[in-house]
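Chains as they are written, first to last, in the working numbering: chain A, 64 to 425; chain B, 64 to 425.
Protein chains: 2
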Amino acid sequence: MSSDRQDKDFCLAELARTSGEWLRGDGPESDIVISSRVRLARNVAGFPFITRAAADVRFQIVQQVQAALKSEILGRPVHHVNVETLTSLDSQLLMERQLISRELARGDGPRAVAISEGERHSVMINEEDHLRIQVLHSGFALDDCWQECDALDNQIEATVPFAFHPQLGYLTACPTNVGTGIRVSVMVHLPALRVTREIQKVHQAAQKINLAVRGLYGEGSQAMGDFYQISNQMTLGKSETDLIAEVQEVVSHIIGWERKVRDLLLRDNKSQLHDQVARAFGTLTSARSISSEETMLLLSSLRMGIRLGLVSNLDVAAVNELFIHTQPAHLQKLHGAELETADRNVARANFLRKRLGSSSLG
Amino acid sequence: MSSDRQDKDFCLAELARTSGEWLRGDGPESDIVISSRVRLARNVAGFPFITRAAADVRFQIVQQVQAALKSEILGRPVHHVNVETLTSLDSQLLMERQLISRELARGDGPRAVAISEGERHSVMINEEDHLRIQVLHSGFALDDCWQECDALDNQIEATVPFAFHPQLGYLTACPTNVGTGIRVSVMVHLPALRVTREIQKVHQAAQKINLAVRGLYGEGSQAMGDFYQISNQMTLGKSETDLIAEVQEVVSHIIGWERKVRDLLLRDNKSQLHDQVARAFGTLTSARSISSEETMLLLSSLRMGIRLGLVSNLDVAAVNELFIHTQPAHLQKLHGAELETADRNVARANFLRKRLGSSSLG
């Protein structure tokens with residue numbers, strides 16, 4: 064990728080001060096669902112899979128895909144980021160933002176990501192597959208995600224031929240993605256199910272029907288702050304809409320379950336719940352040093368507290384944003400320099416006190 | 064004791080709203096020393112010790128001692144409280160106030176306490192001995208305590224003959240008090256020595272020279288919130304002033320030690336210390352339910368924070384008062400009714416939020 068391809072106007076430091084549309088905390092069921100995502104795995108016909116592609120081949124792939132997205136993504140302005148030349152801090156920033164995967168961040172050779180304004184769409188180039196096409200929405204909105212992802216897939220396919228087999232469907236580097244190449248995932252906030260330990264049953268139920276339950280940052284990541292990603296694992300033998308319907312059904316069930324347990328807690332343990340939310344608020348607005356893990360847990364309580372009407376002058380969008388803006392790379396970009404863990408913990412605490420300063424307990 | 068002896072004007076409910084002079088947080092070394100106390104054990108000549116005294120004898124003892132203190136204690140107005148007829152809540156209140164011992168509260172038969180205005184002096188009647196004469200000062204002021212205790216002892220002895228043996232000295236129910244009958248104790252606040260685990264060495268050093276290290280509420284009580292009572296155990300073979308000098312020397316050493324460790328912590332762990340104080344403040348001003356133990360620990364951090372200049376609009380006297388006013392009986396008297404543990408925890412949290420509402424972190 065030539066350096067003039069890099070979008071000069073897209074300043075990564077700006078990202079640390081703004082937030083993606085998917086964090087707005089609106090959309091259906093947003094008391095429990097943070098965001099919905101549909102991702103398609105695609106490969107360009109006529110090129111070997113990434114593991115067998117030399118640097119020059121990978122470079123051609125980047126060029127071909129970027130050309131297809133050069134002027135816009137579904138009518139929105141597009142930013143092209145050359146991931147190969149990013150500092151590790153910048154690629155971590157994009158990861159925290161859910162715009163690129165750990166695999167793309169830590170990979171090597173020519174690779175890139177195209178991001179639409181508002182961060183709803185992103186296309187990773189030369190991740191595990193040549194293309195990973197992603198659409199991210201706030202709230203429980205898988206149908207919208209799918210429609211846009213399908214349209215974006217068509218936009219690219221208009222100029223880039225995809226590897227497709229009449230029987231198998233779309234061909235992918237890993238056999239688990241063959242067929243539709245689709246991964247559907249929903250990020251849910253389940254504090255009540257965690258506190259009552261029913262979250263174990265969610266894991267078991269999901270496993271039984273081949274859904275994965277993971278943490279905020281995908282494969283291998285621990286669930287932090289009561290956030291869980293629920294996604295399909297099968298991609299073959301069913302249509303995209305059937306796979307989406309399956310995830311929708313399970314997630315709807317989990318939403319109802321979490322809501323019921325919240326109501327029960329509110330009925331039987333209101334003062335305890337109020338105490339938990341109040342203490343979380345007290346610590347977040349007082350601490351002089353705080354880890355990322357503790358922040359996530361306390362923000363989780365605060366987010367539930369807002370939904371239960373226990374906190375004033377604070378909306379869910381602000382808390383969603385804090386989850387992302389208190390991540391290590393975001394803090395360091397805001398600060399304008401790399402920070403050791405201890406200094407990050409101090410910077411995080413300062414940031415939280417400033418942001419939450421005008422809020423109060425209801 | 065006839066009911067007309069009971070001081071009609073001394074309302075115990077009032078006690079829950081006020082505080083004793085010894086909580087003012089002033090006096091020498093008051094960054095570390097809460098209060099100093101001298102207590103003398105005395106028995107009235109011609110009467111058997113308490114364990115062998117029938118109710119009518121005990122009644123006579125109460126009458127004789129109250130007569131000696133009828134109008135004043137060292138020139139101050141005096142309040143006579145009939146402990147025999149107190150509710151358990153009221154005797155707990157006096158215990159929390161350090162005005163009577165657990166033994167007097169839980170004893171049986173005629174027994175009383177005489178308290179001077181300001182709570183600096185108190186004379187328990189029919190505790191383990193016929194009289195326990197106590198003087199309590201704010202800060203490190205054992206000499207003042209001793210002088211007043213000696214004067215009060217003389218005031219009573221002017222009309223009440225004490226059991227005294229030319230070789231043994233003052234006779235007491237328990238042989239460990241024979242001789243001077245003196246118990247000298249200093250309540251110290253040692254958060255830095257606790258956090259660095261050097262408090263173990265304080266225990267060992269004190270034991271070696273026969274000093275006891277106990278919690279806030281005397282014998283058998285756990286140290287809570289980093290408060291320790293250091294007192295002599297021997298009363299025989301040395302003069303009162305020698306015994307006091309011994310305790311003074313050891314406590315002076317401990318004060319210097321605590322201060323040094325605080326300075327070191329402030330030099331090497333300032334941000335950690337600041338964080339601890341800030342979190343304590345955050346929890347105390349936010350929680351909706353809080354136990355007595357947690358309150359003591361957090362107030363301990365806050366008290367140190369004030370001394371280190373990390374908290375504004377709050378003085379040590381207010382924190383000292385909170386230690387006492389958040390105790391169970393005080394809370395219940397303020398509330399005007401008995402409360403179960405869970406309700407007490409809610410009442411305690413409400414009380415703390417109200418009291419600390421106008422303070423802020425520096």
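Ideal placement from N, C-alpha and C gives every residue a C-beta, glycine not left out.
task = Following the continuous beta strand (DSSP E) through Ile293 of chain B, name the residue where it begins and the one where it ends.
result = For this step, residue 293 of chain B is matched to residue 230 along the second sequence. Start and end: Phe290 to Asn295.
key: Element boundaries [beta strand (DSSP E), containing Arg197 of chain B]   = Taking the first residue of the second sequence as position 1, residue 197 of chain B is located at position 134. According to the sequence provided, residue 197 of chain B is Gln. The question's Arg does not apply to it. Its beta strand (DSSP E) spans residues Leu194 to Ser201.
Alpha-carbon spacing of Glu384 of chain B relative to Leu377 of chain B, whole angstroms = Looking up residue 384 of chain B in the second sequence gives position 321. Looking up residue 377 of chain B in the second sequence gives position 314. Rounded to the nearest angstrom, the two C-alpha atoms are 12 Å apart.
query = Quick one: what does DSSP say Arg87 of chain A is sitting in, helix, strand or coil?
reply = Taking the first sequence and counting its residues from 1, the one referred to as residue 87 of chain A is at position 24. Coil, per DSSP.
Selection of the segment 347-359 of chain B by Cβ proximity to chain A, strictly under 9 Å = Leu347, Thr348, Ser349, Ala350, Arg351, Ser352 and Ile353
request  = Tell me whether Ile272 of chain A is buried or exposed, calling it buried when 16 or more other Cβ atoms sit within 10 Å of its Cβ.
outcome  = Residue 272 of chain A sits at position 209 when you count from the first residue of the first sequence. That one is exposed.
query = Does the Cβ of Leu327 of chain B have 16 or more other Cβ atoms within 10 Å, making it buried, or fewer, making it exposed?
reply = Counting from 1 along the second sequence, the entry for residue 327 of chain B is found at position 264. The residue is exposed, with fewer than 16 neighbouring Cβ atoms inside 10 Å.
message = Can you check whether the C-beta of Arg342 of chain A is within less than 7 Å of a C-beta belonging to chain B?
response = Within the first sequence, the letter at position 279 stands for residue 342 of chain A. It does; some Cβ of chain B falls within 7 Å.
ask   = Closest by CA to His184 of chain B, which one among B:Gln155, B:His193, B:Ala405 and B:Ala214?
value = Here residue 184 of chain B refers to the residue found at position 121 when the second sequence is read from its first residue. Closest by alpha carbon: B:Ala214.
query = For His393 of chain B, which residues from the same chain have a beta carbon less than 7 Å from its beta carbon, with the 5 sequence-adjacent residues on both sides left out?
reply = Taking the first residue of the second sequence as position 1, residue 393 of chain B is located at position 330. Correct list, in chain order: Ala79, Leu156, Glu159 and Ile387.
Candidates B:Leu397, B:Ser364 and B:Gly399: closest to Val382 of chain B by CA position = Against the second sequence, residue 382 of chain B aligns to sequence position 319. Minimum Cα distance to Val382 of chain B is reached at B:Ser364.
Any non-hydrogen atom of the ligand FAD within 6 Å of Val146 of chain B CB = Of the ligands one can find in the structure shown there are none, so the ligand FAD has no counterpart to examine.
query = Once you ignore the five residues that flank Pro91 of chain A on each side, which residues in its own chain have a CB closer than 8 Å to its CB?
reply = Within the first sequence, residue 91 of chain A is the residue found at index 28, counting from 1. Gly202, Phe203 and Ala204, listed in sequence order.
inquiry  = Measuring only the C-alpha atoms, how far is Gln161 of chain A from Val340 of chain B?
reply    = Here residue 161 of chain A is taken as the residue at index 98 of the first sequence, counted from 1. Here residue 340 of chain B is taken as the residue at index 277 of the second sequence, counted from 1. Gln161 of chain A and Val340 of chain B: Cα-Cα distance of roughly 36 Å.
query = the segment 316-340 of chain B: which residues have C-beta closer than 8 Å to a C-beta of chain A, in chain order?
reply = Ser334, Gln335, His337 and Asp338
task = Would you tell me roughly how many angstroms separate the C-alpha atoms of Gln129 of chain B and Ala405 of chain B, rounded to the nearest one?
result = Translated into the one-based positions of the second sequence, residue 129 of chain B becomes position 66. Translated into the one-based positions of the second sequence, residue 405 of chain B becomes position 342. When rounded, the distance between both Cα atoms is 40 Å.
ask   = Assuming Ile124 of chain B and His193 of chain B make a contact with CB atoms under 8 Å, what is their CB distance in whole Å?
value = Start at 1 with the first residue of the second sequence, and residue 124 of chain B comes out as number 61. Start at 1 with the first residue of the second sequence, and residue 193 of chain B comes out as number 130. Their Cβ separation, rounded to whole angstroms, is 5 Å, which keeps Ile124 of chain B and His193 of chain B in contact under 8 Å.
message = For the segment 395-421 of chain B, list every residue whose C-beta sits within 7 Å of some C-beta in chain A, in sequence order.
response = Val409
message = Need the endpoints of the beta strand (DSSP E) that Leu450 of chain A sits in, please.
response = Past the edges of chain A, shown from 64 to 425, lies residue 450 of chain A, and the structure says nothing about it.
ask   = What three-state label does DSSP hand Leu103 of chain B in the structure shown?
value = Within the second sequence, the letter at position 40 stands for residue 103 of chain B. It is a strand residue.
task = For Gly278 of chain B, go through chain A and note every residue whose CB falls closer than 7 Å to its CB, in chain order.
result = Position 215 of the second sequence, counted from the start, is the residue given in the question as residue 278 of chain B. Correct list: empty, because the minimum Cβ distance to chain A is about 26 Å.
request  = Can you say whether Pro111 of chain A is buried or exposed, counting buried as having 16 or more other CB atoms within 10 angstroms of its CB?
outcome  = Here residue 111 of chain A refers to the residue found at position 48 when the first sequence is read from its first residue. Burial call: exposed.
task = In angstroms with no decimal places, state the Cα-to-Cα distance between Ala116 of chain B and Asn189 of chain B.
result = Translated into positions along the second sequence, residue 116 of chain B becomes position 53. Translated into positions along the second sequence, residue 189 of chain B becomes position 126. One C-alpha to the other measures close to 10 Å.
query = With C-beta atoms as the reference, is Val223 of chain B less than 7 Å away from Val107 of chain B?
reply = The count along the second sequence starts at 1 and reaches residue 223 of chain B at position 160. The count along the second sequence starts at 1 and reaches residue 107 of chain B at position 44. For Val223 of chain B and Val107 of chain B, yes; Cβs fall inside 7 Å.
message = Looking at Ala104 of chain B: is its Cβ nearer than 7 Å to the Cβ of Thr239 of chain B?
response = Position 41 of the second sequence holds residue 104 of chain B. Position 176 of the second sequence holds residue 239 of chain B. Their beta carbons are not under 7 Å apart, which means Ala104 of chain B does not touch Thr239 of chain B by this criterion.
ask   = By Cβ distance, which residues of its chain are closer than 6 Å to Asp305 of chain A, with the 5 residues on each side in sequence left out?
value = As a working mapping, residue 305 of chain A is identified with position 242 in the first sequence. Cβ within range, chain order: n/a, list empty.
ask   = Between the segment 355-373 of chain A and the segment 302-317 of chain A, do three or more beta carbon pairs fall short of 8 Å?
value = no
task = Leaving out five residues on either side along the sequence, give the residues of the same chain with a beta carbon under 8 Å from the beta carbon of Ala269 of chain B.
result = Counting from one through the second sequence, the residue named residue 269 of chain B turns up at place 206. Taken in chain order, the residues that qualify are Ala275, Val276, Ile293 and Val313.
ask   = What is the DSSP secondary structure of Leu402 of chain A, reduced to helix, strand or coil?
value = Mapped onto the first sequence, residue 402 of chain A falls at position 339. Of the three classes helix, strand and coil, the one that applies to Leu402 of chain A here is coil, per DSSP.
query = Listing by chain order, which chain B residues have their CB less than 7 Å from the CB of Gly368 of chain A?
reply = Taking the first residue of the first sequence as position 1, residue 368 of chain A is located at position 305. Those do not exist, as Gly368 of chain A stays about 11 Å from chain B at its closest Cβ, beyond 7 Å.
inquiry  = Just to confirm, is the Cβ distance from Ile95 of chain B to Ile318 of chain B under 7 Å?
reply    = Residue mapping note: residue 95 of chain B aligns to position 32 of the second sequence, counting from 1. Residue mapping note: residue 318 of chain B aligns to position 255 of the second sequence, counting from 1. Result yes, Cβ atoms of Ile95 of chain B and Ile318 of chain B sit closer than 7 Å.
query = According to DSSP, is Lys71 of chain B helix, strand or coil?
reply = Stepping through the second sequence from its first residue, residue 71 of chain B is reached at position 8. A caution first: Lys71 of chain B carries a pLDDT of 45, below 50, which makes its placement in the model too unreliable to give a value.
request  = Would you kindly work out how many angstroms separate the C-alpha atoms of Lys133 of chain A and Ile178 of chain A, rounded to a whole number?
outcome  = Walking along the first sequence from the start, residue 133 of chain A turns up at place 70. Walking along the first sequence from the start, residue 178 of chain A turns up at place 115. Those two C-alpha atoms are separated by around 11 Å.
request  = Output the distance between the C-alpha atoms of Met250 of chain A and Gly138 of chain A, rounded to the nearest integer angstrom.
outcome  = Counting from 1 along the first sequence, the entry for residue 250 of chain A is found at position 187. Counting from 1 along the first sequence, the entry for residue 138 of chain A is found at position 75. Approximately 27 Å, taken between the alpha carbons.
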